[in-house]
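Enquirer:
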Amino acid sequence: MASLALHQTRSFISTFRSWALPGLQSLLELLPPIVLAVPKSKISHSRKSMRSANKGLKDKRNIVNCPACGEPKLAHHACKACYSAIMKRFRMETKRLATETTKRMSGGSWSEVKVPPMIESPKDS
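So the numbering used here is basically just the index in the sequence shown, starting at one, shifted up by 26.
#1: Just how far apart, CA to CA, sit Cys95 and Ala104?
#2: Whole angstroms is fine: what's the gap from Ile89's alpha carbon to Ala124's?
#3: Cutting at 7 Å between CB atoms, please list the residues of its own chain near Ser151, excluding the five before and the five after it.
#4: Which residue's Cα is closest to the Cα of Tyr109: Cys92, Gly82, Lys121 and Glu119?
#5: Going along the chain, which unbroken runs of the alpha helix (DSSP H) with 4 or more residues stay wholly within the region 100–134?
#6: Can you name the start and end residues of the beta strand (DSSP E) that Ile69 belongs to?
#7: Taking the alpha-carbon positions, what's the Lys99 to Thr120 distance?
#8: Considering just the uninterrupted stretch of the beta strand (DSSP E) at Asn88, what are its terminal residues?
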């Protein structure tokens with residue numbers, strides 16, 4: 027009986043040790059990822075400046091004149107003046123169409139308002 031009680035006590039102690047806090051060996055296993063990120067030596071100001079010398083802004087070489095208004099613009103982009111004129115006309119057209127549709131819904135007849143067709147009808151040959 028005494029040997030059985032001693033054996034149970036030893037097994038309890040061995041299971042208790044596995045529940046214990048991590049040992050020093052496991053803490054040392056966690057440290058290398060932190061330590062590896064440290065530089066080996068100081069980078070001098072001169073070396074740092076030489077490395078970052080190429081990071082400056084470059085001059086634009088793709089500036090052309092707009093064929094519509096003659097203002098300078100980037101190639102393959104719309105110029106500011108033409109874009110604002112297009113957007114202004116677009117807003118006016120959408121506002122006009124919105125007011126016409128509200129007039130139609132409020133009791134106006136379809137024949138009174140002449141709306142340009144969005145899609146042209148096929149031509150007869």
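From the three backbone atoms N, C-alpha and C, an ideal C-beta is built for every residue, glycine too.
Expert: Checking against the coordinates, here is how it stands:
#1: Counting from 1 along the sequence shown, the entry for residue 95 is found at position 69. Counting from 1 along the sequence shown, the entry for residue 104 is found at position 78. Their backbone Cα atoms lie some 11 Å apart in a straight line.
#2: For the purposes of this step, residue 89 is identified with residue 63 of the sequence shown, where counting begins at 1. For the purposes of this step, residue 124 is identified with residue 98 of the sequence shown, where counting begins at 1. Counting only the Cα atoms, Ala124 lies some 39 Å from Ile89.
#3: To locate residue 151, count along the sequence shown from 1; it is residue 125. Confidence at Ser151 is low in this model, with a pLDDT of 47, below 50, so the placement of that residue should be treated as unreliable; the coordinate-derived value is given next. Counting only Cβ-Cβ distances below 7 Å, and skipping sequence neighbours, we find nothing.
#4: For the purposes of this step, residue 109 is taken as the residue at position 83 of the sequence shown. Nearest option by C-alpha distance: Cys92.
#5: For the region 100–134, whole alpha helix (DSSP H) runs of length 4 or above, ordered along the chain, are 106–131.
#6: Here residue 69 refers to the residue found at position 43 of the sequence shown. Element bounds for Ile69: n/a, residue is neither H nor E.
#7: In the sequence shown, counting from the first residue as 1, residue 99 sits at position 73. In the sequence shown, counting from the first residue as 1, residue 120 sits at position 94. Their backbone Cα atoms lie some 28 Å apart in a straight line.
#8: As a working note, residue 88 is residue 62 in the sequence shown. Where Asn88 is concerned, there is no enclosing beta strand (DSSP E), given that its DSSP letter is neither H nor E.
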